[in-house]
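Residue numbers (the numbering used here), protein chains in the order written: chain A, 1 to 113; chain B, 1001 to 1111.
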């Protein structure tokens, strides 16, 4: 079954730690996205990719980085976590066709102490 | 450039109807509608394209006024399962697959 996965689902870490949030999809989609969302608020695009070796920053300034070495994998890394990074991080993918419907993973809820 | 959604919140009785609106100041290629329940990921409801094409669930209807850059989502005969926050995501003509999201409309359905 085609799907999009994120790990971990929940993460509590201390300030200054380096973390990587994983995102994988089995749909063969070229387009992938990372969003940051505070509870009950809108989604903010922080990174996106149009394919392997393609990454761009989104509208929301972020201290994170991403990589796209394989089509199915789009990890997000925070080199030094801070309390201001506490939020939910959602990964999504789309096939980039006419409708460009985005499919979302279950999200990672990050708490930085 | 963020689209404006209205109303911010709606409380309905089961069986009642609701309309949620989304408007943009920029020329749009498409409008996407998603529903998100607390603690879950957004779920696709409907996509409306410039030119009239649309794709979505059978029980959901929506419209897109290209002259006004406005879209409306129509929820009829609401059920308890319709509760959640509804987001519109707009794709501008020059944005190349990126969506800009509205602030959301919270819908509460009471029995």
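A virtual CB, placed ideally from N, CA and C, is assigned to each residue, including glycine.
Cβ distance (whole Å) where residue i is taken to contact residue j below 8 Å
i                       : j                       : result
residue 86 of chain A   : residue 60 of chain A   : About 15 Å separates the two Cβ atoms, so there is no contact after all.
residue 1101 of chain B : residue 1089 of chain B : 5 Å
residue 83 of chain A   : residue 9 of chain A    : Not confirmed; about 20 Å, so no contact.
residue 1107 of chain B : residue 1086 of chain B : 6 Å
residue 27 of chain A   : residue 103 of chain A  : 7 Å
residue 68 of chain A   : residue 93 of chain A   : No, residue 68 of chain A and residue 93 of chain A are not in contact; Cβ-Cβ is about 11 Å, not under 8 Å.
residue 1062 of chain B : residue 1071 of chain B : 6 Å
residue 99 of chain A   : residue 1055 of chain B : 5 Å
residue 1010 of chain B : residue 1105 of chain B : 7 Å
residue 78 of chain A   : residue 19 of chain A   : 5 Å
residue 1097 of chain B : residue 57 of chain A   : Between residue 57 of chain A and residue 1097 of chain B the Cβ distance is about 15 Å, and since that is not below 8 Å, they are no contact.
residue 1019 of chain B : residue 1074 of chain B : 6 Å
residue 1060 of chain B : residue 1045 of chain B : 5 Å
residue 1110 of chain B : residue 1035 of chain B : Residue 1110 of chain B to residue 1035 of chain B, Cβ: 17 Å. No contact.
Contacts of residue i in chain A (Cβ-Cβ under 8 Å)
i                       : result
residue 1044 of chain B : 101, 102 and 103
residue 1097 of chain B : 31, 48, 50, 94, 96 and 100
residue 1091 of chain B : 100
Paired residues, beta bridge with residue i - DSSP
i                       : result
residue 94 of chain A   : A/31
residue 25 of chain A   : A/4
residue 70 of chain A   : A/73
residue 1025 of chain B : According to DSSP, residue 1025 of chain B bridges with nothing at all.
residue 64 of chain A   : A/78
residue 1045 of chain B : Note: residue 1045 of chain B sits in no beta bridge, so no partner.
DSSP state of residue i mapped onto helix, strand, coil
i                       : result
residue 1038 of chain B : coil
residue 84 of chain A   : helix
residue 15 of chain A   : coil
residue 99 of chain A   : coil
residue 45 of chain A   : strand
residue 56 of chain A   : strand
residue 36 of chain A   : strand
residue 113 of chain A  : coil
residue 1006 of chain B : strand
residue 9 of chain A    : coil
residue 105 of chain A  : coil
residue 51 of chain A   : strand
Within chain B, partners of residue i - CB distance below 7 Å
i                      : result
residue 107 of chain A : 1041
residue 18 of chain A  : Residues of chain B passing the Cβ test: none, with the nearest at roughly 25 Å.
residue 76 of chain A  : Near residue 76 of chain A there are no residues of chain B at all, since even the closest Cβ is about 16 Å away, more than 7 Å.
residue 90 of chain A  : 1041
residue 21 of chain A  : Result: empty, since nearest Cβ-Cβ is about 14 Å, beyond 7 Å.
residue 113 of chain A : None at all; the shortest Cβ gap to chain B is about 21 Å.
Chain A contact residues for residue i, given Cβ-Cβ distances below 9 Å
i                       : result
residue 1026 of chain B : Ordered by position in chain A, no residue passes the 9 Å Cβ test against residue 1026 of chain B, which lies about 13 Å from the chain.
residue 1055 of chain B : 98, 99 and 101
Neighbour list for residue i in chain B, Cβ cutoff strictly below 8 Å
i                     : result
residue 42 of chain A : 1002, 1087, 1101, 1102, 1103 and 1104
Neighbour list for residue i in chain A, Cβ cutoff strictly below 7 Å
i                       : result
residue 1047 of chain B : 99 and 101
Query raised in the report: At which residue ranges does the segment 1051-1107 of chain B contain complete beta strand (DSSP E) runs of 3 or more residues, listed in the order of the chain?
Result: 1054-1056, 1061-1065, 1070-1075 and 1084-1092
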